[in-house]
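What follows is a single structure, written as structure tokens, with notes after it.
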Amino acid sequence: MTTRAITQGEVILEGIVKNYGTFRALKGIDLRIAPGEFFALLGPSGSGKSTTLRVIAGLEVPDAGRMLVDGTEMTFAPPGERNVAMVFQNYALYPHMTLEQNIGFPLKMDGVPKAEIAARVQDAARKVRIDHLLARRPGQLSGGQQQRTALARAIVREPRLFLLDEPLSNLDAQLRLETRIELKRLHASLGVTTIYVTHDQEEAMTIADRMAVFRDGEIMQIGAPAEVFGRPDTLDVAAFIGSPPMNLIPARIEGGEAHFPGWRLALPGAPAGDVVVGVRPGRIRLADDGLPGKLLLSENLGEAMLLNVDVDGTLVKLRLPDVSPIAEGTAVRLAFDGSDILLFDPETRRRLDWPEMESRP
Amino acid sequence: MSSTRRRPATLRRVILTVAAALILFIWAFPVLWAVVVSLKSESEVLAYPPSVIFEPTLRNFRDALTGNLSIASSLMTSIILATATTVLTIILAVPAAYAFARLRLPARQGLGFYTLVTQMIPPVGLVIPYYLILNRVGLLDTYTGMITVYLTFSLPFAIWLMVSYLEDIPREMEEAAYLDKASRLQALWHVILPQIRGGIGVTTVFVFLNAWNEFLFAVQLGGNRIRPVTVAMHNFVSIEQTLWAKLAAAALVAMLPVIVIGILAQRQIVKGLTVGAVKGGGRR
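Chains as they are written, first to last, in full-length UniProt numbering: chain A, 1 to 361; chain B, 1 to 284.
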């Protein structure tokens with residue numbers, strides 16, 4: 001066993017383009033992933049996150065752009081020469097082999113002596129707690145155990161990159177939460193750069209050091225989860241991140257005030273013109289003076305209440321800690337503070353910043 | 001309690017067993033008939049009313065194998081023809097099917113279609129062209145000629161059967177092997193082939209049986225040298241008489257390899273037909 005300082009596993013993508021026929025799956029991906037980082041590629045299906053991962057793995061050859069791993073160009077290197085390990089969404093375990101053979105397969109292909117294979121397989125299996133199942137075949141295991149086997153097969157080689165393609169999506173909710181913690185723990189103990197594809201933003205938020213938000217073959221934003229959540233760069237990211245995501249309400253800025261139908265909110269210094277106001281559901285409250293609307297539906301979440309309110313044709317969601325029921329159809333007024341909102345340009349779809357906004361905590 | 005709950009299941013089993021026995025009897029009847037006839041003397045076969053009680057004899061088997069109308073050399077011919085056809089078919093069909101299933105070939109669609117075209121022509125329409133071709137190249141009544149003709153039928157069939165088995169294997173499994181440093185050939189050998197063993201077994205059996213049972217081409221394109229057992233069976237049928245008992249004995253002998261293969265390959269065939277039943281195998 002060799003121990004490594006986390007100096008390797010840096011991945012750089014430069015202008016990666018991938019076409020499938022006339023469909024442009026990746027439209028120029030630029031990305032730098034630091035050594036030892038836990039990095040999430042987040043986006044809806046078809047957004048290009050999995051294709052990006054496959055380019056990094058060497059399973060797809062990009063049509064343009066290049067990829068560097070630890071300073072070495074790897075764009076066209078075959079998968080086996082990249083020293084990367086991947087866990088597939090369906091685990092891709094070899095059904096005709098026992099777990100021991102499955103986990104030992106990469107070592108066998110690498111020409112590692114038999115005695116060493118046995119020892120390293122044991123070691124890897126122990127790390128994911130399946131060492132008592134080594135004589136079984138994948139078909140005799142639960143989904144969670146299969147998932148651990150796939151992880152063991154990945155860590156047994158001590159690769160310089162871990163690639164995880166939606167590794168939790170085939171597990172039930174409870175197991176998903178447990179495995180999430182385990183993945184984080186495994187990453188902390190191994191320190192190997194991990195690239196994690198998911199469509200589940202909560203998963204990305206909780207597990208990743210940084211993440212890239214994908215949409216239509218492009219990266220919309222790269223940043224730490226808190227950054228992306230707190231300050232989405234575009235309307236599209238704002239509409240994707242958060243559960244439920246940020247409310248996006250059209251308004252007009254005039255004379256340092258945001259004008260909504262039936263309500264005005266002071267926004268000193270905000271640039272005049274048509275805007276989209278973004279505000280998180282948890283930052284809206286019911287008030288005597290505020291945005292007039294009509295309650296469409298209230299959803300009881302247990303420890304909170306989620307209200308769906310129609311505000312002049314726009315659906316606004318707000319989360320209230322108070323769970324006392326409100327009759328549907330009731331006229332309500334919604335208020336929020338100027339310090340809790342973001343502004344977006346409806347034309348460019350980008351976030352608008354102004355000096356007073358920049359200076360807030 | 002449990003007995004009342006078990007009763008419908010028992011009844012079901014009885015009905016199923018009776019039905020299965022009935023179907024088996026209907027299917028097995030010709031074989032049983034051949035067994036009975038093969039154990040009678042020629043005169044007893046033609047006796048009317050048929051004799052139910054008779055003294056069984058193995059003379060017909062001896063005559064069929066060693067008499068002057070013996071099918072022994074024809075059995076050997078059939079074994080060589082069917083085995084060579086099967087071995088060549090599998091060796092050629094597996095890589096071809098892999099290419100169809102996995103590689104991004106430019107003419108994949110077209111090639112796939114032309115591979116199947118041969119299957120759309122009724123064999124009888126090909127007998128005369130094949131006869132003329134083999135005659136021209138001097139391959140009439142030769143193993144090379146016969147096996148080549150058999151391959152034109154067995155290969156497309158085997159390729160398409162194997163393609164369906166290969167397409168059942170998720171691509172990710174091969175990709176995982178590539179990431180695990182396996183070459184394409186190693187992935188094929190260690191990961192793909194073991195999983196299509198059942199399919200190869202099924203294909204082998206079908207191809208062998210087709211070649212073994214083939215009659216039309218054998219009778220037209222063969223001759224004195226290449227005279228497989230399906231043709232040699234006619235040794236016992238002549239204008240003057242039909243030697244039913246010896247014919248039945250010869251037929252039973254000819255059936256034997258088929259039955260043996262069926263029993264040996266049974267496990268593989270069942271496996272081949274239940275492929276995809278592996279839980280969590282990630283099959284799409």
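By construction, the Cβ of each residue, glycine as well, lies at the ideal position given by its N, Cα and C atoms.
Its chain contains Gln89 as the residues whose beta carbon lies nearer than 7 Å to that of A:Ser169, once the 5 sequence neighbours on both sides are disregarded; these appear in chain order. For B:Lys181, a Cβ of chain A is located within less than 8 Å of the residue's own Cβ.
Classified as exposed, A:Glu178 has fewer than 16 neighbouring CB atoms from the shown chains inside 10 Å of its CB. For B:Ala82, the CB contacts under 7 Å within the same chain, skipping 5 residues up- and downstream, are Phe208, Ala211, Trp212 in chain order. Below the 9 Å Cβ cutoff, chain A contributes Tyr94, His96, Met97, Phe105 as neighbours of B:Val191, in chain order. Taking a C-beta cut-off of 7 Å against chain B, none of the residues of the segment 230-263 of chain A qualify. Nearest Cα to A:Leu301 within the set A:Leu315, A:Pro244, A:Asp337: A:Pro244. Within the model, the alpha-carbon separation for B:Leu65 versus B:Pro50 is close to 26 Å. The Cβ atoms of A:Ala251 and A:Val279 do not sit closer than 8 Å to each other. At least 8 Å separates the CB of A:Leu151 from every CB of chain B. A straight-line Cα-Cα distance of about 10 Å links B:Trp244 and B:Glu44. Within chain A, the C-beta atoms nearer than 7 Å to that of B:Glu172 come from Phe88, Asn90, Ala92, in chain order. For the segment 275-287 of chain A, the set of positions with a beta-carbon nearer than 8 Å to some beta-carbon of chain B is empty. Remark: C-beta atoms of A:Gly256 and A:Pro268 approach each other more closely than 8 Å. Taking every protein chain shown into account, the CB of A:Arg157 has 16 or more other CB atoms within 10 angstroms, so this residue is buried.
For B:Gln109, the closest Cβ of chain A is not nearer than 8 Å.
Contact check for A:Ile117 and A:Leu107: beta-carbon distance about 5 Å, within the 8 Å limit, so the pair qualifies. Following the DSSP letters along the chain, one finds A:Asp236 inside the alpha helix (DSSP H) bounded by residues 235-240. An exposed status is given to B:Met120, since fewer than 16 other beta-carbon atoms sit within 10 Å of its beta-carbon.
Shown here for B:Ile261: same chain residues with a beta carbon closer than 7 Å to its own, the five before and five after excluded, namely Val205, Phe208 in chain order.
Taking C-alpha positions only, A:Asp340 is separated from A:Ile241 by approximately 16 Å. The closest CA to that of B:Val31, considering only B:Gln266, B:Ala265, B:Ala254, is found on B:Ala254.
In this structure, DSSP gives A:Glu37 a state outside helix and strand, which the three-state scheme calls coil.
Among the residues of chain B, those whose CB is under 9 Å from the CB of A:Val84 are Leu179, following chain order. Across the structure, B:Gly222 and B:Tyr143 are spaced so that their CA atoms are roughly 9 Å apart. For B:Glu175, the nearest CB of chain A lies under 8 Å from its own CB, placing it at the interface with that chain. A:Ser298 carries a strand assignment under DSSP once its states are collapsed to helix, strand and coil.
For the segment 137-167 of chain B, no residue has a beta-carbon sitting nearer than 8 Å to a beta-carbon of chain A. Scanning chain A for C-beta atoms nearer than 8 Å to the C-beta of B:Pro106 yields nothing, as the closest lies near 14 Å away. Distance between A:Asp131 and A:Ala188, taken at the CA atoms: about 21 Å. The three-state reading of DSSP puts B:Phe157 in helix, counting H, G and I together. Residues of chain B with a Cβ closer than 8 Å to the Cβ of A:Gly80 are, in chain order, Tyr178, Leu179, Asp180, Lys181, Ala182, Ser183. B:Pro106 and B:Gly112 have their alpha carbons spaced roughly 11 Å apart.
Collapsing the DSSP output to three states places A:Arg160 in coil. The Cβ atoms of B:Ile71 and B:Ala250 sit closer than 8 Å to each other. Judged by beta-carbon spacing, A:Phe38 lies within the 8 Å limit of A:Asp209, meaning their Cβ atoms are closer than that value.
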